[in-house]
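Peer 1:
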C-alpha cells in the first residue's frame with residue numbers, strides 16, 4: 037500500500053522544465069518514477085529525448101525484475117528458495133553478486149550480501165518492522181558468510197540452504213552505472229541520475245559543475261548541510277536516518293552488523309562516498325558507515341579512487357583530503373574538521 041500510494045502521488049511525472057534562476061540554468065527533461073524500491077529522478081540536460089527516458093526506465097525495471105529480494109521469479113528469489121540447489125541466473129545478477137563478494141573481502145566483512153535472513157527478520161523499512169527475538173538473531177547469524185556462495189559456472193550459482201542473499205545495498209549502484217551507459221550510447225552527455233539518494237552527475241551543466249547537496253541527517257529530505265561541485269562523479273550516502281523505526285526510545289536503522297545481527301552501533305550519522313563508479317560508491321558507503329569514523333577514515337585514505345564526507349552524531353563533518361577546498365559547508369550548526 038505504501039508503494040502504491042507513492043506511485044499515485046508521483047503520477048509518473050514527465051516534463052520539460054526551465055529553471056531561470058541563474059544564467060547557467062538550462063532546460064531539462066525530467067522523469068520522476070518508482071523503481072528498485074525507491075524514488076527515481078532522471079534529468080536530461082541535452083538530447084532531451086522521451087525515448088531515452090523510456091530506455092532508462094525499462095532498464096531499471098529489468099534490473100529490479102532480476103535482483104529483487106521479494107519479487108517472485110527474480111534471480112535472487114529463485115536462489116533463496118532453491119534449498120541449496122544450483123540456480124541459473126542472468127549475467128547482470130552474476131556480475132553484481134561477484135562484485136558483492138569482492139566488496140565483502142575488501143571491507144573485511146562489513147559489506148555482506150548474505151544478510152537476507154536477518155534483514156527479513158527485522159523488516160526495517162516495511163510496515164512489519166520489529167525487534168527479532170534473541171533466538172532469531174542467533175539463528176540468522178548462522179546463515180551468514182560469502183563462503184556459502186559457490187560460483188559453479190559463468191551462469192550458475194549455488195547457495196547453501198538456509199542462507200538468503202540480498203543485493204539491496206549494491207543493486208542501485210549497478211543500475212546507476214547502467215543508466216549512465218544508456219546516456220552515453222544515446223548522446224546524452226549532461227544529466228543527473230538520482231536513485232533514492234544515489235546521485236550520479238554525468239558531465240556538467242552549461243560548462244559548470246553540478247552542485248550536489250549533502251543531506252543533513254538530522255533534518256528533512258530537502259535540507260542539506262553542504263554542497264559539493266561534481267562532474268562525471270557519483271555521490272552515494274548511507275546513514276542511520278534512511279530507514280529506521282523506534283522502540284522504547286531507541287532508533288533501529290537498516291544497516292546491520294554481520295557480527296551481532298543488530299543494527300550497526302556507529303559514531304556516524306552518515307557517510308557519503310564520492311567516486312566515478314556508482315556500484316563502488318554504493319557498496320563502500322554501506323561498508324564505511326559500518327566501520328565507523330576511525331576505521332572508515334583509514335579505509336578511505338588507503339583507497340586512491342575514493343573520497344568521503346563523514347558526518348558524526350555530534351555534528352562534526354570530516355572530509356577526505358581530496359575534498360579540501362572543494363566541499364562547502366552551508367549549515368553553521370555543523371563544524372567542519374579537515
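Numbering (the numbering used here), first residue to last: 37 to 374. Note that beta-carbon positions come from the ideal geometry of N, C-alpha and C, so glycine has one too. Owing to the predicted nature of the structure, the values given are computational and were not obtained by experimental measurement.
#1: Quick check on residue 289: does DSSP put it in helix, strand or coil?
#2: Helix, strand or coil for residue 346? Go by DSSP, reduced to three states.
#3: So is residue 140 buried or exposed if we call it buried at 16+ other beta carbons inside 10 Å?
#4: Tell me residue 195's beta-bridge partners as DSSP assigns them.
#5: Taking the CB atoms as reference points, tell me whether residue 227 and residue 78 lie closer together than 9 angstroms.
#6: Take residue 185 and list the residues in its own chain whose beta-carbon comes closer than 6 angstroms to its own, dropping the five residues that flank it on each side.
#7: Helix, strand or coil, according to DSSP, for residue 96 in the structure here?
#8: Relative to the C-alpha of residue 232, which candidate in 271, 221, 244 has its C-alpha closest?
#9: Can you tell which of 73, 203, 108, 65 has the C-alpha that lies nearest to the C-alpha of residue 88?
#10: Residue 299 bridges to which residues according to DSSP?
#11: Which stretch, first to last residue, makes up the alpha helix (DSSP H) that contains residue 318?
#12: Are the CB atoms of residue 267 and residue 240 within a distance shorter than 9 angstroms?
#13: Between 374, 238, 178, 209, which has its C-alpha nearest residue 221's C-alpha?
#14: Pick out whichever of 162, 101, 83, 307 has its Cα sitting closest to the Cα of residue 252.
#15: Figure out for me which residue from 225, 372, 96 has the closest Cα to the Cα of residue 350.
#16: In its own chain, which residues sit with a C-beta less than 7 angstroms from the C-beta of residue 211, not counting the 5 before and 5 after it?
#17: Taking its Cβ as the centre, do 16 or more other Cβ atoms sit within 10 Å of residue 360, making it buried, or is it exposed?
#18: Are the beta-carbon atoms belonging to residue 203 and residue 157 less than 9 angstroms from one another?
#19: Is the beta carbon of residue 92 less than 9 angstroms from the beta carbon of residue 218?
#20: Can you give the Cα-Cα distance for residue 331 and residue 288, rounded to whole angstroms?
#21: Within a Cβ cutoff of 7 angstroms, which residues of the same chain sit near residue 323, ignoring the five residues on either side of it in sequence?
#22: In angstroms, rounded to a whole number, what distance separates the CA positions of residue 67 and residue 74?
#23: Could you check how far apart the C-beta atoms of residue 269 and residue 363 are, in whole angstroms? I think they sit under 8 angstroms.
#24: Do residue 343 and residue 311 have their C-beta atoms closer together than 9 angstroms?
#25: Kindly give me the distance between the Cβ atoms of residue 348 and residue 261, rounded to whole angstroms, as I take these residues to be in contact under 8 angstroms.
Peer 2: The answer reads as follows:
#1: Reading the chain shown from its first residue, position 253 is the one you call residue 289. In the structure shown, residue 289 sits in a strand (DSSP, three-state: E or B).
#2: Here residue 346 corresponds to residue number 310 of the chain shown, with the count starting at 1. Strand, per DSSP.
#3: Reading the chain shown from its first residue, position 104 is the one you call residue 140. Burial call: buried.
#4: As a position in the chain shown, residue 195 is number 159, starting the count at 1. Answer is 185.
#5: For the purposes of this step, residue 227 is identified with residue 191 of the chain shown, where counting begins at 1. For the purposes of this step, residue 78 is identified with residue 42 of the chain shown, where counting begins at 1. A contact, by the Cβ cut-off of 9 angstroms.
#6: Residue numbering aside, residue 185 sits at position 149 when the chain shown is read from its first letter. Around residue 185: 195.
#7: Within the chain shown, the letter at position 60 stands for residue 96. Helix, per DSSP.
#8: Stepping through the chain shown from its first residue, residue 232 is reached at position 196. Looking at the Cα atoms, 271 is the closest of the given residues.
#9: Position 52 of the chain shown, counted from the start, is the residue given in the question as residue 88. Closest option to residue 88, Cα to Cα, is 65.
#10: For the purposes of this step, residue 299 is taken as the residue at position 263 of the chain shown. Answer is 292, bridged to residue 299.
#11: Numbered from 1 along the chain shown, position 282 holds the residue referred to as residue 318. Element bounds for residue 318: 314–337.
#12: Translated into positions along the chain shown, residue 240 becomes position 204. Translated into positions along the chain shown, residue 267 becomes position 231. Yes, Cβ-Cβ distance for residue 240 and residue 267 is below 9 angstroms.
#13: Position 185 of the chain shown, counting from 1, holds the residue named residue 221. For the residues 374, 238, 178, 209, the minimum Cα distance to residue 221 belongs to 238.
#14: Position 216 of the chain shown, counted from the start, is the residue given in the question as residue 252. Comparing Cα-Cα distances from residue 252 to each of 162, 101, 83, 307, the minimum goes to 307.
#15: Locating residue 350 in the chain shown gives position 314, counting from the first residue. Among 225, 372, 96, the Cα nearest to that of residue 350 belongs to 372.
#16: By one-based count along the chain shown, residue 211 stands at place 175. So the list reads 72, 96, 99, 231, once near-sequence residues are dropped.
#17: Within the chain shown, residue 360 is the residue found at index 324, counting from 1. With fewer than 16 other Cβ atoms within 10 Å, it is exposed.
#18: Within the chain shown, numbered from 1, the residue matching residue 203 stands at position 167. Within the chain shown, numbered from 1, the residue matching residue 157 stands at position 121. It is not a contact, given that the beta carbons lie outside the stated cut-off.
#19: Here residue 92 refers to the residue found at position 56 when the chain shown is read from its first residue. Here residue 218 refers to the residue found at position 182 when the chain shown is read from its first residue. Yes. Within cutoff.
#20: Along the chain shown, one-based indexing puts residue 331 at 295. Along the chain shown, one-based indexing puts residue 288 at 252. When rounded, the distance between both Cα atoms is 22 angstroms.
#21: For this step, residue 323 is matched to residue 287 along the chain shown. Closer than 7 angstroms at Cβ, skipping near neighbours: 139, 143, 146, 147.
#22: Position 31 of the chain shown holds residue 67. Position 38 of the chain shown holds residue 74. C-alpha separation (whole angstroms): 14 angstroms.
#23: What you label residue 269 is simply residue 233 of the chain shown in a count that begins at 1. What you label residue 363 is simply residue 327 of the chain shown in a count that begins at 1. Residue 269 to residue 363, Cβ: 13 angstroms. No contact.
#24: The residue you call residue 343 lines up with position 307 of the chain shown. The residue you call residue 311 lines up with position 275 of the chain shown. Taking 9 angstroms as the Cβ cut-off, residue 343 and residue 311 qualify as a contacting pair.
#25: Residue mapping note: residue 348 aligns to position 312 of the chain shown, counting from 1. Residue mapping note: residue 261 aligns to position 225 of the chain shown, counting from 1. About 12 angstroms separates the two Cβ atoms, so there is no contact after all.
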